[in-house]
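First residue of the sequence shown: 5, per the UniProt record's numbering; consecutive thereafter.
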Amino acid sequence: ERQKKIRNFSIIAHIDHGKSTLADRILEYTGALTKREMQEQVLDQMDLERERGITIKLQAVRLTYKADNGEEYLLNLIDTPGHVDFTYEVSRSLAACEGAVLVVDAAQGIEAQTLANVYLALDNNLEILPLVNKIDLPSAEPERVKQEVEDIIGLDTSDAVLASAKNGIGIKEILEQVVHKVPAPTGDPDQPLKALIFDSHYDAYKGVIVYVRVMDGTIRSGSKIKMMATNKTFEVIEVGVFSPRMTMVDELTVGDVGFVVAGIKNVKDTRVGDTITDAKNPAPEPLPGYRKINPMVFCGLYPIDTSDYNDLREALEKLELNDASLRYEPETSSALGFGFRCGFLGLLHMEIIQERIEREFNIPLITTAPSVVYQVTRTDGEMIRIENPSHMPEVGKIEYIEEPYVKASIMVPNDYVGAIMELCQGKRGEFINMEYLDANRVTLTYEMPLSEIVYDFFDQLKSGTKGYASFDYEFSGYKTSKLVKMDILLNGEQVDALSFIVHRDKAYQRGKVMCEKLKDLIPRQMFEVPIQAAIGQKIVARETVKAMRKNVLAKCYGGDISRKRKLLEKQKEGKKRMKQVGNVEVPQEAFMAVLRID
Ligand code: GDP
Ligand code: MG
């Protein structure tokens with residue numbers, strides 16, 4: 005019957021190994037889209053995604069494929085986000101599948117996220133179909149990469165598809181394997197409804213569009229549904245599929261992947277990983293694997309121009325509609341005025357939101373350095389969570405502080421092991437283990453404070469290994485640390501937005517470098533500006549920005565008007581990015597300076 009002809013699968017890969025390109029070719033091959041419609045990568049819809057070459061939103065496309073055996077199959081291709089910040093979303097979209105195509109670049113071989121994604125697929129009991137991509141490259145070594153997949157992952161690669169997504173080679177082969185190797189969905193249409201939510205987005209006309217995979221039962225318009233994690237109930241208005249355009253269907257039943265519209269106003273009511281059931285005939289248990297996810301990284305967002313405050317709030321409201329993991333609340337800084345404290349899944353998530361606010365909503369921002377969430381146990385026994393360094397209680401009131409740790413896996417060629425170990429130790433990493441993948445490559449595992457990764461770990465990793473290292477991490481828990489709050493004073497005034505938390509052993513060094521950095525970043529003013537770093541009352545470092553001596557315009561002798569104008573415009577441009585703090589003008593970069601220390 006119909007269920008036996010459904011195949012739900014995903015494509016998993018390390019970033020840039022060709023997942024999106026392969027998805028495009030599959031859409032093209034199955035006739036879901038014509039070549040002309042393919043001009044743009046369909047699965048990566050947002051500009052930002054395309055520019056950064058990453059996929060943020062999950063998507064699901066229904067395809068029909070006529071196999072060599074003459075039978076027609078219904079394939080649901082579920083796309084997954086390609087970055088460590090979104091691991092939980094990846095795991096839930098994989099939970100909606102029975103199989104995964106594992107794309108490995110024929111020149112690069114296995115990378116850290118290849119492995120991380122394979123583990124997620126194995127956790128979800130998926131059939132994994134290896135595909136070696138980019139065989140057209142002169143540097144391709146498909147046989148070596150196949151061997152690597154056998155040795156490191158333990159998958160049989162005798163049938164691995166050798167493909168070039170770019171040139172459309174291997175597309176039919178992989179579709180045949182999807183049909184023959186990926187199991188059809190199991191599940192019972194007569195049981196109470198169980199549908200897994202693996203994504204959602206907000207539509208101005210229809211409200212929230214929920215992406216679901218039906219595990220048991222059937223869902224149709226008019227159904228009364230209940231979200232099992234939140235207990236909220238809704239009446240279904242529409243169900244449909246993406247083919248790839250939104251297309252209404254009569255019902256979604258066992259094995260189907262599609263969307264549900266139910267007059268839902270808030271994406272936060274449709275939590276990824278939650279189970280939709282029938283409100284009148286509910287399932288006794290939700291599907292396994294639901295977790296409530298919490299933001300890991302916080303920063304302050306302040307409009308440069310205070311009159312943009314309301315626009316900023318509206319921008320955040322709009323972004324929140326489509327982003328259940330974005331958090332924000334109003335915050336006031338004595339230095340920066342009115343703004344918002346925002347919480348993100350990770351650094352990339354944070355950068356994406358900042359960029360969207362600036363680009364789509366046109367609001368120039370001052371962003372404060374990202375911070376992790378500290379758990380502070382006070383001397384009165386109460387534990388508080390600190391998302392903003394400037395809210396850290398005074399030293400005398402703190403019993404102890406805990407900070408979040410992650411387990412980081414770094415995959416590198418042998419030659420860089422020394423460099424990586426040095427880097428990780430410098431970042432307070434605790435060595436866990438080292439594993440040889442083959443004669444040339446090693447996976448190093450460290451337990452590290454998340455805050456050290458938030459500082460420029462990625463950049464240092466890349467530059468320290470000429471780009472050869474790949475990296476993955478997961479939250480591992482809170483640990484007690486000897487941390488102190490470092491305050492920065494400009495012209496004798498404490499600037500709350502520049503405070504940061506640092507390990508006691510690194511405090512003096514960081515304070516000193518921070519002052520030096522700020523000295524370079526803060527332009528000369530009409531008066532001398534002392535910059536000081538302090539722990540509590542104690543000044544640990546000091547630098548001075550000398551007073552301005554000559555007029556900038558004095559440089560252009562009289563006549564050259566256009567040059568003068570350019571200079572003025574440039575100054576104005578620079579001004580936009582300045583914030584008046586007390587009587588000192590501080591550029592945006594200064595608030596991020598703490599990230600460029602070490
Ligand atoms: P993703 O990050 O895994 O989604 O990777 P993309 O599909 O965005 O591809 C990353 C880069 O590799 C792009 O520049 C693609 O054009 C290129 N690429 C993808 N497949 C192939 C291939 O088969 N051969 C070659 N030479 N390049 C490819
Ligand atoms: Mg992609």
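All C-beta atoms, glycine included, are put in the ideal place defined by N, C-alpha and C.
Contact between the stretch 412 to 428 and the stretch 463 to 480 is present: three or more C-beta pairs spanning the two stretches fall below 8 angstroms. In this structure, the alpha-carbon of E593 lies about 23 angstroms from that of L349. Scanning its chain for C-beta atoms nearer than 7 angstroms, with the 5 sequence neighbours on each side dropped, one finds around K431 the residues M452, E456, F461, in chain order. Around the beta carbon of A120, a 10 Å sphere encloses 16 or more other beta carbons of the protein chains shown; the residue is thus reported as buried.
Short note on K138: C-beta closer than 8 angstroms to some heavy atom of ligand 1.
Residue state for P393 is assigned as helix, using DSSP reduced to three classes.
For K521, DSSP assigns no beta-bridge partner whatsoever. Rounded to whole angstroms, the Cβ separation of R331 and G347 is 4 angstroms, and the two are in contact under 8 angstroms. Within the stretch 361 to 441, the runs of alpha helix (DSSP H) at least 4 residues long that lie entirely inside it are, in chain order, 421 to 430. Under the three-pair Cβ rule at 8 angstroms, the stretch 17 to 35 counts as touching the stretch 162 to 181. Between ligand 1 and N121, a heavy atom-to-CB distance of less than 8 angstroms is absent. N314 sits in a helix when the DSSP states are folded into three classes. When DSSP states are grouped into helix, strand and coil, I139 belongs to the coil group. Secondary-structure assignment with DSSP links I173 through a beta bridge to S168. About 30 angstroms separates the Cβ atoms of G293 and R345, ruling out a contact at the 8 angstroms cut-off. Counting only residues of its own chain and dropping the five nearest sequence neighbours on each side, T279 has a CB closer than 6 angstroms to the CB of K198, M232, P290, L291. The Cβ neighbour count for T34, taken over all protein chains shown within 10 Å, is at least 16; the residue is labelled buried. Taking C-beta separations shorter than 6 angstroms and ignoring five residues to either side along the sequence, the partners of L179 in its chain run Y69, following chain order. For S168, the CB contacts under 8 angstroms within the same chain, skipping 5 residues up- and downstream, are N137, K138, I139, D140, G174 in chain order. Sixteen is the threshold: when 16 or more other Cβ atoms of the shown chains lie within 10 Å of the Cβ of G262, as they do, the residue is buried. If the five residues before and after L316 are omitted, its C-beta is found closer than 6 angstroms to the C-beta atoms of P307, I367, all from its own chain and listed in chain order.
In the DSSP assignment, C346 is bridged to C303, Y332. In the pairwise beta carbon analysis, the stretch 354 to 373 is classified as touching the stretch 318 to 329: at least three pairs are separated by under 8 angstroms. If you look at T118, you'll find it in the alpha helix (DSSP H) that goes 116 to 127. The beta carbon of M252 lies closer than 6 angstroms to those of E242, G244 in the same chain, with the five residues before and after it left out.
Annotation for T84 indicates a beta carbon at 8 angstroms or more from all heavy atoms of ligand 1. Pairing A71 with K9, the inter-Cα distance amounts to about 11 angstroms.
Following the DSSP letters along the chain, one finds Q151 inside the alpha helix (DSSP H) bounded by residues 146 to 152.
Scanning S247, G113, E386 for the CA closest to the CA of A64 turns up S247.
As for any alpha helix (DSSP H) of minimum length 4 sitting wholly inside the stretch 233 to 274, there is none. Here the C-alpha atom of L67 lies approximately 19 angstroms from the C-alpha atom of A99.
C-alpha of I19 to C-alpha of V149: approximately 16 angstroms in a straight line. Closest in C-alpha terms to A339, from the list A283, R360, S394, Y378, comes S394.
With a threshold of 8 angstroms, the Cβ atom of I19 counts as near ligand 1, since some heavy atom of the ligand is closer than that. Here S329 is buried: its Cβ has 16 or more other Cβ atoms, across all protein chains shown, within 10 Å.
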